Amino acid sequence: MKPKYTSLRGVRDILPEEVKSWRRIEDKARELFRRYNYKEIETPIIEPAEMFVRTVGEESDIVRKEMYVFKDRGDRLVALRPEGTAPVVRAFLENNLYVPGKVAKFYYIGDMFRYDRPQAGRQREFHQIGIEALGESSYILDVEVIILLLEFFKELGLNDTILLLNSVGCPKCRSEYSKALREFFTPYLDELCEDCKVRLENNPLRILDCKVEGCKRVVVKAPSILDYLCNDCRVHFENVRSVLDSLDVRYILDTRLVRGLDYYTKTTFEVTVSGLDLSIGGGGRYDGLIKDLGGPDLPGIGFAIGMERLVNILRDRGLLIEEEDVPDYFIIYDVILVTKAIMLSKLLRDQGFIVEISYTAKNLKSQLKEADRSKAKKSIIMREDLLANDKVILKDMTTGEQEEIGLDKLEVSIIGERV
RNA sequence: GUGAAUGUAGCUCAAUUGGUUAGAGCGCUGGACUGUGGAUCCAGAUGUUGGGGGUUCGAGUCCCCUCAUUCACCCCA
169 MKPKYTSLRG VRDILPEEVK SWRRIEDKAR ELFRRYNYKE IETPIIEPAE
219 MFVRTVGEES DIVRKEMYVF KDRGDRLVAL RPEGTAPVVR AFLENNLYVP
269 GKVAKFYYIG DMFRYDRPQA GRQREFHQIG IEALGESSYI LDVEVIILLL
319 EFFKELGLND TILLLNSVGC PKCRSEYSKA LREFFTPYLD ELCEDCKVRL
369 ENNPLRILDC KVEGCKRVVV KAPSILDYLC NDCRVHFENV RSVLDSLDVR
419 YILDTRLVRG LDYYTKTTFE VTVSGLDLSI GGGGRYDGLI KDLGGPDLPG
469 IGFAIGMERL VNILRDRGLL IEEEDVPDYF IIYDVILVTK AIMLSKLLRD
519 QGFIVEISYT AKNLKSQLKE ADRSKAKKSI IMREDLLAND KVILKDMTTG
569 EQEEIGLDKL EVSIIGERV
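For the first sequence, my numbering begins at 169 and goes up steadily by one.
See the structure below:
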């Protein structure tokens with residue numbers, strides 16, 4: 169039979185078995201973030217479209233071709249959130265959570281939407297775990313945020329993570345750098361791909377990310393952003409690096425690591441694992457974003473982890489814990505005992521056991537088959553003659569052994585009990 | 001948005017150069033087993049071959065369109 173409806177392209181169901189693994193990962197994140205004193209926040213999935221255009225960048229791919237935008241019935245231009253930072257900052261401002269002199273630390277777990285062509289590690293609805301720390305400009309926070317990200321992966325058992333690090337400077341030094349890049353690339357115009365010729369005008373930093381061979385050859389010789397950082401940005405980045413070095417946190421300095429979201433400033437980073445060319449987490453500073461959203465001129469930093477990608481890696485490495493709950497008891501009974509059977513199921517459930525009960529109450533054979541299929545550890549067989557003495561048959565479904573026991577052994581009695 | 005591969009039973013996959021009634025394993029249902037599940041054996045059910053159109057005496061197979069999946073580019077988590 170064919171279903172009448174199927175899920176839309178690029179989205180999928182996360183089935184019970186997998187959800188269980190996801191929750192385990194999320195619980196790990198919650199527990200870790202708690203120790204770093206981050207507070208969980210939930211923001212709406214829909215936001216004003218304009219907010220992302222302003223923060224992520226009008227020229228960014230996310231806004232240009234990946235954002236789900238529609239008009240609601242009140243004629244408002246609405247977007248499904250393509251990322252988590254702007255909404256958190258919006259909520260921070262809207263709810264007056266800013267306390268001068270105090271850093272505000274949030275984390276979120278939720279789904280994001282980008283209208284991409286689906287492929288490995290990329291869906292239209294995907295899930296992120298992220299943190300945002302608002303109101304602190306110190307390099308010490310940068311270091312802590314990076315350590316936290318790495319620590320999360322480590323706690324999940326990933327021990328071959330690779331940290332990529334860069335500084336994209338502030339708007340001031342970046343415009344200097346853009347100018348320098350234009351000057352550098354212009355003589356090589358013929359060797360650049362068509363896209364990059366356009367990028368040369370709009371956003372020369374994007375050329376650094378180009379995967380076309382011809383461009384890559386030129387890019388190797390391109391000047392580094394690091395040589396164009398202003399004094400403030402340079403010192404900041406040196407401090408970040410020196411503390412990471414002394415903490416023995418290894419990283420690859422990737423000066424071509426250009427974040428596709430315009431709001432990034434200064435420190436940016438991505439984390440991947442060997443043999444994967446996708447990042448499983450990434451982030452950076454965004455010192456101008458809060459002001460852009462109409463708030464005070466406060467710095468911010470955060471990261472996001474791609475849940476689907478993380479789960480894929482963990483599964484590949486055999487690090488994904490996939491185990492489903494099975495019933496502790498399956499209750500089998502003659503149909504005349506239905507009330508007592510329901511009572512017993514409730515009493516056992518009250519004690520915290522996972523209990524399944526036959527809904528057919530057919531013959532013993534078919535009920536045992538039900539029990540077997542439910543994967544219950546034990547079956548309780550209720551028979552009228554035994555129940556008169558508050559006894560049942562307890563059958564171990566693994567060994568097949570069974571014995572008559574008093575219900576008191578299960579720490580329940582259904583004589584005189586009411587549901 | 002660009003390029004490529006794939007789509008057959010609930011699942012994993014067969015089906016000669018286009019050829020009769022599209023098969024197998026797993027799973028499912030029933031029986032062997034008249035109140036004890038699993039193991040074994042036996043029997044049985046299940047498909048508009050993703051959808052639509054075309055070529056042909058004849059299409060799962062060839063052609064076109066469409067939808068979906070997968071992979072790569074692009075971009076990112």
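The beta-carbon is built from N, C-alpha and C at its ideal position, and this holds for glycine as well.
Quantities reported herein were computed from a predicted structural model and do not represent experimental measurements.
Buried versus exposed, by CB contacts within 10 Å (16 or more), residue i
| i | result |
| --- | --- |
| SER534 | exposed |
| GLY269 | exposed |
| SER513 | buried |
| ALA217 | buried |
| GLU538 | buried |
| THR174 | exposed |
| ALA509 | buried |
| THR440 | buried |
| PHE238 | exposed |
| VAL587 | Residue placement at VAL587 is poorly supported in this model, since its pLDDT is 44, which falls under 50; the coordinates still yield a value, given next. Its Cβ having fewer than 16 others within 10 Å, VAL587 is exposed. |
| PRO355 | exposed |
| THR566 | exposed |
| SER410 | exposed |
| GLN291 | buried |
| ILE525 | buried |
| ALA272 | buried |
| GLU569 | exposed |
| ASP553 | exposed |
| ARG483 | exposed |
| GLY325 | exposed |
| ARG541 | exposed |
| LEU532 | exposed |
Where the beta strand (DSSP E) through residue i begins and ends
| i | result |
| --- | --- |
| ILE499 | 497–501 |
| ASP413 | No beta strand (DSSP E) contains ASP413, which is instead part of the alpha helix (DSSP H) from 399–414. |
| SER513 | First-last for SER513: 506–518, but that is the alpha helix (DSSP H), not the beta strand (DSSP E). |
| LYS546 | 546–550 |
| LEU332 | 329–335 |
| VAL237 | 237–239 |
Where the alpha helix (DSSP H) through residue i begins and ends
| i | result |
| --- | --- |
| GLN535 | 532–542 |
| VAL256 | 253–262 |
| SER442 | Careful: SER442 lies outside any alpha helix (DSSP H) and carries neither H nor E. |
| ALA348 | 339–353 |
| VAL271 | Careful: VAL271 lies outside any alpha helix (DSSP H) and carries neither H nor E. |
| VAL313 | 307–323 |
| ARG192 | 184–203 |
| ASP460 | 457–460 |
Bridge partners - residue i, DSSP secondary structure assignment
| i | result |
| --- | --- |
| GLN570 | LYS563 |
| PRO216 | VAL246 |
| GLU524 | PHE498 |
| GLY451 | PHE437 and PHE471 |
| GLU293 | PHE281 |
| LEU421 | LEU333 |
| GLU300 | PHE274 and GLY470 |
| GLU208 | TYR275 |
Inter-residue CB distance, residue i and residue j (contact presumed, cutoff 8 angstroms)
| i | j | result |
| --- | --- | --- |
| ILE500 | ILE548 | 7 angstroms |
| ALA529 | VAL506 | 6 angstroms |
| GLY463 | LEU261 | 4 angstroms |
Contact test: residue i Cβ vs the ligand GDP heavy atom, cutoff 7 angstroms
| i | result |
| --- | --- |
| THR566 | Absent from the structure shown: the ligand GDP. Ligands present: none. |
For the 8 angstroms Cβ check, are there 3 or more pairs between the segment 280–296 and the segment 239–259?
Cβ pair count under 8 angstroms is three or more, so yes.
Cβ contact (3+ pairs, closer than 8 angstroms) linking the segment 335–353 and the segment 386–398
With a cut-off of 8 angstroms, the segment 386–398 and the segment 335–353 count as touching, because enough Cβ pairs lie within range.
Would you call the segment 445–461 and the segment 470–478 in contact, with 3 or more CB pairs under 8 angstroms?
With contact defined as three or more Cβ pairs closer than 8 angstroms, the segment 445–461 and the segment 470–478 are in contact.
With a threshold of 8 angstroms, are at least 3 pairs of Cβ atoms found where one atom belongs to the segment 396–411 and the other to the segment 184–204?
Under the Cβ criterion (8 angstroms, minimum of three pairs), the segment 396–411 does not count as touching the segment 184–204.
Does the segment 421–432 come into contact with the segment 315–334, if we say contact requires no fewer than three beta-carbon pairs (one atom in each stretch) closer than 8 angstroms?
Enough Cβ pairs lie closer than 8 angstroms, so yes.
Using 8 angstroms as the threshold, is the segment 412–421 in touch with the segment 308–315, meaning 3 or more CB pairs across them?
Counting C-beta pairs with one atom in each stretch, the segment 412–421 and the segment 308–315 have three or more that are closer than 8 angstroms, which means they touch.
Tell me whether the segment 342–358 and the segment 366–373 touch, counting them as touching only if at least three CB pairs, one residue from each stretch, are closer than 8 angstroms.
Contact between the segment 342–358 and the segment 366–373 is present, because at least three Cβ pairs lie under 8 angstroms.
Pairing CB atoms from the segment 281–291 with CB atoms from the segment 221–241, are three or more of them under 8 angstroms?
Under the 8 angstroms Cβ criterion, the segment 281–291 counts as touching the segment 221–241, having at least three qualifying pairs.
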